[in-house]
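Below is one structure; the comments refer to it alone.
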Amino acid sequence: MDTSSVVEIVVLIIMVTVTLSTNIITLLVISCTDYLRNINKVYMYSITVSDLCIGLFIFPFALYTAITNLFRNPDVNPLICHIQAYLTIVFFLSGLYALAWTNVDHYVAVRKPERYKVMMSPPRSLCWIAFAWIAAISFCCPPVLSYNEIDQFYHQVYLCTVYFGSEIPYFISAAVLALLPPMLVLLITNVYLFTHGFRKKQKMYEAVPIILDVSSRPRNYQINFIISTICISTWIPWCVLRIISFYLDTIPNLLHFFTFWIAMGNTFYKFFIYAGMSVEYRRGLRELVRQCCSRCLCKSSVQTPRASQTVNFAATRLVTKPSTSGPAPINL
14 MDTSSVVEIV
24 VLIIMVTVTL
34 STNIITLLVI
44 SCTDYLRNIN
54 KVYMYSITVS
64 DLCIGLFIFP
74 FALYTAITNL
84 FRNPDVNPLI
94 CHIQAYLTIV
104 FFLSGLYALA
114 WTNVDHYVAV
124 RKPERYKVMM
134 SPPRSLCWIA
144 FAWIAAISFC
154 CPPVLSYNEI
164 DQFYHQVYLC
174 TVYFGSEIPY
184 FISAAVLALL
194 PPMLVLLITN
204 VYLFTHGFRK
214 KQKMYEAVPI
224 ILDVSSRPRN
234 YQINFIISTI
244 CISTWIPWCV
254 LRIISFYLDT
264 IPNLLHFFTF
274 WIAMGNTFYK
284 FFIYAGMSVE
294 YRRGLRELVR
304 QCCSRCLCKS
314 SVQTPRASQT
324 VNFAATRLVT
334 KPSTSGPAPI
344 NL
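Laid out in structure tokens, this is it:
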């Protein structure tokens with residue numbers, strides 16, 4: 014049994030567990046608490062659902078192929094491989110678009126707070142997220158509709174990749190149209206954090222701490238900058254390695270594996286960033302724990318009185334039961 018394969022399986026098990034647990038917790042914090050007031054919940058729902066879907070549908074496929082690789086060469090069904098490669102791109106693009114729209118949301122809230130409720134209303138946010146998912150789904154539609162070639166199995170990372178084949182011009186143009194807008198949005202909105210205008214707005218928010226609903230906006234903006242920076246910086250090494258691998262065949266498999274899965278770790282990095290830097294998110298986590306504990310205590314307290322009532326009722330019957338062994342009646 015190869016030691017490197019065992020290490021890869023352990024890494025994948027950790028990835029699946031952490032991704033599912035952290036994103037489920039985030040969904041519960043968003044839906045069950047009211048502390049995330051200064052984060053657009055529509056965009057955060059979209060990001061979390063995209064990451065959760067990757068943990069549900071993509072990571073288990075890689076774990077399965079890694080386990081089967083221990084005993085034999087993984088025999089991947091072409092149709093399943095095709096669906097997995099397509100879903101990976103859909104979830105990745107939808108998460109990237111949602112991340113870009115979250116940056117736009119913070120940008121408008123900090124720079125133009127008087128117009129925020131009009132520009133980023135819930136109906137408009139839902140429309141933008143629907144557009145993002147439609148664009149992500151449409152990116153690979155031609156290969157899906159013309160299913161006649163087997164996708165490439167990227168054996169170093171145990172996943173399938175879309176086979177370009179004769180549709181390379183389409184993929185190049187579609188990739189430019191799909192990736193360029195969110196990347197430009199992230200660049201423009203993140204550059205604003207280093208301008209004099211942002212520092213001026215930040216001082217204004219710090220000087221007016223009474224307005225609790227907007228006071229943490231600049232901080233959330235900075236947190237989203239860190240998330241987007243980590244996302245881009247973790248994908249760059251794998252992209253460079255992938256380009257080099259077309260010319261060199263001597264790159265170790267473990268290097269492919271770790272560079273790719275470090276980048277895929279963006280599905281759960283957000284949880285630790287929010288938990289470490291966002292006061293609102295930590296309060297939401299504490300409130301979630303408190304709700305869980307209170308519900309557990311309520312269930313136990315509901316069961317306990319029933320038992321005590323049964324005991325008290327039995328005791329009452331014993332006390333009120335007429336005695337048959339009393340003293341004999343007195344004869345007059």
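Each residue of the sequence shown is one higher than the one before, counting from 14 in this note's numbering.
Think of the CB as a built atom: it goes at the ideal place given N, C-alpha and C, for glycine as much as any other residue.
Please read these numbers as outputs of a predicted model, since none were measured by experiment.
Sequence-distant partners of LEU41 (beyond 5 residues in either direction) whose C-beta falls short of 8 Å from its own C-beta, in its chain, are LEU301.
Segment contact: the stretch 44–52 against the stretch 131–138, fewer than three CB-CB distances shorter than 8 Å; contact not assigned. Contact annotation, TYR171 with THR242: C-beta distance approximately 28 Å; criterion of less than 8 Å not satisfied.
Looking at the DSSP output, GLN165 shares a beta bridge with THR174.
About 12 Å separates the beta carbons of PHE238 and VAL123, which is beyond the 8 Å limit, so they are not a contact pair. Judged by DSSP secondary structure, THR61 falls within the alpha helix (DSSP H) whose first and last residues are 54–66. ASN237: member of the alpha helix (DSSP H) spanning 230–258, first to last residue. Around the beta-carbon of LEU83, fewer than 16 other beta-carbon atoms lie within 10 Å, marking it exposed. In the structure shown, the three-state DSSP call for PRO194 is helix. DSSP places ASP47 outside both helix and strand once states are collapsed to three, so it counts as coil. Assigned with DSSP and collapsed to three states, LYS125 falls in coil, not helix or strand. GLN169 sits close to HIS269, with the two beta carbons spaced by under 7 Å.
By the CB criterion at 7 Å, LEU109 and PRO195 fall inside the cutoff.
Per the coordinates, the alpha-carbon of THR39 lies some 18 Å from the alpha-carbon of MET277. In its chain, beyond the 5 residues on either side, TYR294 have a beta carbon closer than 6 Å to the beta carbon of TYR287. CA-CA distance, CYS244 to GLU127, rounds to 31 Å. Where GLY210 is concerned, the enclosing alpha helix (DSSP H) starts and stops at 209–220. The alpha-carbon separation between ILE60 and THR280 amounts to approximately 9 Å. The beta carbon of TYR234 is closer than 7 Å to those of HIS119, VAL123 and LEU206 in its chain, skipping five residues each way along the sequence.
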